[in-house]
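Numbering (numbering that gives the first Met the number 0), first residue to last: 0 to 65. Note that CB positions come from ideal geometry on N, CA and C, so glycine has one too. Quantities reported herein were computed from a predicted structural model and do not represent experimental measurements. Below you'll find the structure, written out as structure tokens, and then a few comments.
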Amino acid sequence: MFATDRLKNRVATTELNSIQSSESVSNQIQFEYYDVEEKTTYLVTYTEIVDDVGAKYFTENISPIK
Numbered sequence: 000m001f002a003t004d005r006l007k008n009r010v011a012t013t014e015l016n017s018i019q020s021s022e023s024v025s026n027q028i029q030f031e032y033y034d035v036e037e038k039t040t041y042l043v044t045y046t047e048i049v050d051d052v053g054a055k056y057f058t059e060n061i062s063p064i065k
């Protein structure tokens, strides 16, 4: 079973040593993956983040689902 969830334009602002920067999530995809050998379902999330200078970052998060 696959579920896809896309979130756009969520803005997070952080302040570090009086330097303020912002990041926005431009694309997020989530789906479930079932590992046949381990008999475990995982939630896989890929996120594309764009910071205030236009640099793009990609993160991957894999979490087991009970």
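A38 - containing beta strand (DSSP E), residue span: The sequence given here has Lys at residue 38, not Ala. No beta strand (DSSP E) contains K38, which DSSP labels as neither H nor E.
Beta strand (DSSP E) segment containing K65, residue limits: Per DSSP, K65 belongs to no beta strand (DSSP E) and is neither H nor E.
Inter-stretch contact (C-beta, 8 angstroms, three-pair minimum) for the segment 42-53 and the segment 23-30: yes
Whole-number beta carbon distance between S62 and Y41, since they are thought to touch under 8 angstroms: 7 angstroms
Spatial neighbours of T39 in its chain, beta-carbon cut-off 7 angstroms, leaving aside the 5 residues before and after: P63
Pairwise C-alpha distance: S23 and V52: 11 angstroms
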